[in-house]
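Asker:
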């Protein structure tokens, strides 16, 4: 997965943190969330009572509709762009923006060093990447730099726009860009950006190991022109494979590289070339910004912007009272409670994430650096896995637990990647009959007559299921799955009889704890569709540990020379999505929406990628925030 | 006197060592470490991660980690926060200042409330006023701080909109007096929440002390001498009732600091308490251990302070 940072959205480099997306966003607040979503927990008790032996009545597992709020929303009800053409934007408008978080931001305010998502939200207001990308996450020519690719797809020539200047008036130059590469590749570099993408540039590894004085693959042609030569041509380069955040050389030149991250130039007086300039920082709490009149795209729409950390539990109230004008990543589970607020507008789009259920099929061989399958694993039988996938009704989960802001996930490339998500692939549809049939055929039959199937050898089959705690829905959702599987005669038990805390959960999943057969987790995916880093043979993040030669081949195809042809690459990934749906090492359960909330007076803004609306355009149409 | 204080300080050290060992072992037992989150990044090379773990010494057994940590602490180095990429001492310092102001303000409210309430209800015990005040103290005892603070936030922050609902200072105040007022303004609601709950112990102490003192013989003597009633209270009862209050002062400080964990979380106030919760969640152990140690030191010093005050006001304590 190529990492990238999207404007005002979660950054990919933290795919890790995002793994907690399943729960962690909720998990971290579980202690005082009780007041806003209590209804979901209510039905859990009811369901448990229904946990009868002869669970043959389908209605048993239906979630009680009447305890739920009836509101089910659909992503299609949302706009992705807000621009009321008629309304004039005020010249001297100002706006309060919430960064929704229950903890202070780290304050590493430079793209080359940051790692927290909150820092990236702040960064996007005053600094930006040189390259822009379209809705398919491919670099286009709309950014501060344009590019050309050589015949062999190995050499890229970049031209930085003449008008692009740092906030202090110095021009953003090719040398700044080169400098960023040099700092990241330096052995003293303290951040987390030294990875495969950087290493794919010719000469970076040599530079990192001290064998070369400069990076041979980066050539500064003139002040605004630079050339990068890559080692290996693959289509992922243009979907996030280029590090395009320059580092102001005239400022950072004199700072030792290992001290940069802690320096005031990163923490207190950060610089960028984005639409707003940093005026004042209260560490961990707020950042005051003012208009950058010299911004290269044009004059930004607001005179002042204040970014502040707002707790997820109070953000909705702050929006309603007008204290806050704009909140990206509004907690989706609170949406239904606030959708009718008179003074608020919401935008939404598909999040680059999915929740999934995985089957443990082997283990990670650290010495060999690859995943090894175990043919004797309890879940090794593909029919068993397919049956478990058919047995769960993900649509019902999305509607009942997430008010429609999560919905049935079909394939492992989510619809946030419209170019590669295969819409025609239904995945494992909810079909109890089919599930039963599959199990019957595979020889899983109830020999002892206790209501549960035994394995083909007639041995008792108890499957253990691990899931994370987080929010009010984690427990009922896990119970729902267990009951769904019980419906088809499978005896699934919650590992240790309870949910596990985020860190503990991933510790066990990573370590291939033997007691886990099935687990529920989530991924946020990068902007490049290549699934190799999550499902490849050599990927430690391939938690199901599923490997096959066919899978290796398909994944390699997706990154081959031919894959520069988008249609070919689509075919390859359609094939892969199909392959994964058949072999079911994991199956996606729900996709999710990402919601931004804003005051009525805010306009000219958008959510998601490639909308053609840029951050500098955002403005307000009224002096004061509209209150209820 | 000095002998007493020095003895107490010497006893402090084994207490702190024991505390740090316990914290260390507990931290070791918790699943995951500061790099667990990063390990979930599929782009992270496991070899590089392993190298980082080795670098940070996370693979060493706890006692080796402990001694290298102890060595650092003795030189004033609490290690590096993985999550914030800052030395722990720098990170804590910023938060410490915030928590200090919060505690100071709370302390101020605690005594500004406790003195009149305690004196009134002690002097006129079993009147309506006393009933109301004791009623309040019972409610204060029973109400959990984290519920009470939430209610305060909801009512005064959101419904009435009198106070800010989070943070420690307004953005871009430009420094100077405006900055100072903004700080105070942000402090009022959280510190008042803490104080309204925290003060009830002191009110009760003071009340029972006043009731007890006013029946003492020297008060009778004073009255018999014809000292005006007002003067009996201000000059004799009040002064003598304050002794135990002064004595619990130190404990009060320790209690306020631990109470601030809840309040800081609820008011999104970036102090040590919030840092503590956050660091546990992301397994930033160097910060957690430093903070626990700091809380421990605060508690121990608080107790010491109380003992010292007590020994000053009541010399009998000093006798072994």
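Residue numbers (this note's numbering), protein chains in the order written: chain R, 1 to 628; chain Z, 629 to 948. Even glycine gets a Cβ: it sits at the ideal position worked out from N, Cα and C.
1) Can residue 102 of chain R and residue 312 of chain R be called in contact, C-beta distance under 7 angstroms?
2) By the 10 Å Cβ neighbour count, where 16 or more other Cβ atoms means buried, how is residue 858 of chain Z classified, buried or exposed?
3) Have a look at R:531, R:98, R:372 and R:601 and flag the residue whose alpha-carbon is nearest the alpha-carbon of residue 314 of chain R.
4) Starting from the Cα of residue 181 of chain R, find the closest Cα among R:163, R:222 and R:227 and give me that residue.
5) With 9 angstroms as the limit, tell me which residues of the stretch 778–800 of chain Z have their beta carbon closer than that to any beta carbon of chain R; keep them in chain order.
6) Classify residue 111 of chain R: buried if its beta carbon has 16 or more other beta carbons within 10 angstroms, exposed otherwise.
7) Would the stretch 134–149 of chain R count as touching the stretch 607–625 of chain R if we require 3 or more Cβ pairs under 8 angstroms?
8) What did DSSP end up calling residue 543 of chain R once you bin it into helix, strand or coil?
9) Between the Cα of residue 922 of chain Z and those of Z:681, Z:687 and Z:727, spot the shortest distance and give me the residue it belongs to.
10) From the DSSP output, read off the bridge partner residues of residue 740 of chain Z.
11) Out of R:320, R:557 and R:537, which has the shortest C-alpha to C-alpha gap to residue 548 of chain R?
12) Pick out whichever of Z:809, Z:803 and Z:776 has its Cα sitting closest to the Cα of residue 792 of chain Z.
13) For a contact meaning CB atoms closer than 7 angstroms, what does residue 820 of chain Z contact in chain R?
14) From R:132, R:72, R:114 and R:75, pick the residue whose C-alpha is nearest to that of residue 615 of chain R; which is it?
15) With burial defined as no fewer than 16 other Cβ atoms inside 10 Å of the residue's Cβ, what is the status of residue 524 of chain R: buried or exposed?
16) Since residue 130 of chain R contacts residue 144 of chain R with CB under 8 angstroms, what's their CB separation in whole angstroms?
17) Note down the Cα distance separating residue 483 of chain R from residue 388 of chain R, rounded to an integer number of angstroms.
18) Taking residue 306 of chain R and residue 75 of chain R to be in contact with their CB atoms under 8 angstroms, please state how far apart those CB atoms are, rounded to whole angstroms.
19) Write down every uninterrupted run of the alpha helix (DSSP H) in the stretch 80–154 of chain R whose length is 4 residues or greater and which is fully enclosed by it, in chain order.
20) What residues from chain Z crowd round residue 414 of chain R, counting only those whose CB sits closer than 8 angstroms?
21) Does chain R have any CB closer than 7 angstroms to the CB of residue 651 of chain Z?
22) Any chance you could list the alpha helix (DSSP H) runs of at least 4 consecutive residues sitting entirely within the stretch 344–400 of chain R, in chain order?
23) If you drop the 5 nearest sequence neighbours on each side, which residues of the same chain put their C-beta closer than 8 angstroms to that of residue 737 of chain Z?
24) Hey, how far is the Cα of residue 589 of chain R from the Cα of residue 398 of chain R?
25) By alpha-carbon positions, which one of R:287, R:286 and R:304 ends up nearest to residue 293 of chain R?
26) Given a cut-off of 7 angstroms, decide if residue 163 of chain R and residue 296 of chain R are closer than it, judged by their beta-carbon atoms.
27) Near residue 785 of chain Z, what residues of its chain come up, given a Cβ to Cβ distance below 6 angstroms and the 5 sequence neighbours on each side ignored?
28) Who pairs with residue 596 of chain R in a beta bridge, going by DSSP?
29) Using Cβ-Cβ distances below 9 angstroms, what residues of the stretch 694–724 of chain Z are close to chain R?
30) Beta-carbon separation of residue 841 of chain Z and residue 869 of chain Z under 7 angstroms?
31) Could you have a look at residue 62 of chain R and say whether DSSP puts it in helix, strand or coil?
32) Closest by CA to residue 498 of chain R, which one among R:510, R:428 and R:479?
33) By the DSSP assignment, the beta strand (DSSP E) with residue 280 of chain R in it spans what residues?
34) Helix, strand or coil: which one does DSSP assign to residue 180 of chain R?
35) Just the chain Z side, please: which residues come within less than 7 angstroms of residue 308 of chain R by C-beta, in chain order?
36) Thinking residue 518 of chain R and residue 339 of chain R are a contact (beta carbons under 8 angstroms), I'd like their distance in whole angstroms, please.
Answerer: Result, derived from the coordinates:
1) yes
2) exposed
3) R:98
4) R:227
5) 778, 781, 782, 785, 786, 789, 792, 793, 794, 795, 796, 797, 798, 799 and 800
6) buried
7) yes
8) coil
9) The shortest CA-to-CA distance from residue 922 of chain Z to any of Z:681, Z:687 and Z:727 is the one to Z:727.
10) Partner(s): none; residue 740 of chain Z has no beta bridge.
11) R:537
12) Z:809
13) None at all; the shortest Cβ gap to chain R is about 18 angstroms.
14) R:132
15) buried
16) 5 angstroms
17) The straight-line gap separating the alpha-carbon atoms of residue 483 of chain R and residue 388 of chain R is approximately 11 angstroms.
18) Under the criterion of beta carbons closer than 8 angstroms, residue 306 of chain R and residue 75 of chain R do not qualify as touching, at roughly 30 angstroms.
19) 117–126
20) Result: empty, since nearest Cβ-Cβ is about 15 angstroms, beyond 8 angstroms.
21) Output row for residue 651 of chain Z: interface = no.
22) If you keep only unbroken alpha helix (DSSP H) runs of at least 4 residues inside the stretch 344–400 of chain R, you get 382–390.
23) 819, 820, 822, 823, 824 and 827
24) 9 angstroms
25) R:304
26) yes
27) 791 and 793
28) Among the bridge pairs identified by DSSP, residue 596 of chain R is matched with R:347.
29) 711, 712, 713, 714, 715, 718, 722 and 723
30) yes
31) Low confidence applies to residue 62 of chain R: its pLDDT is 40, below 50, so where it sits in the model is not reliable enough to give any reading.
32) Cα-wise, what sits closest to residue 498 of chain R is R:479.
33) 276–282
34) helix
35) 795 and 799
36) Between residue 339 of chain R and residue 518 of chain R the Cβ distance is about 35 angstroms, and since that is not below 8 angstroms, they are no contact.
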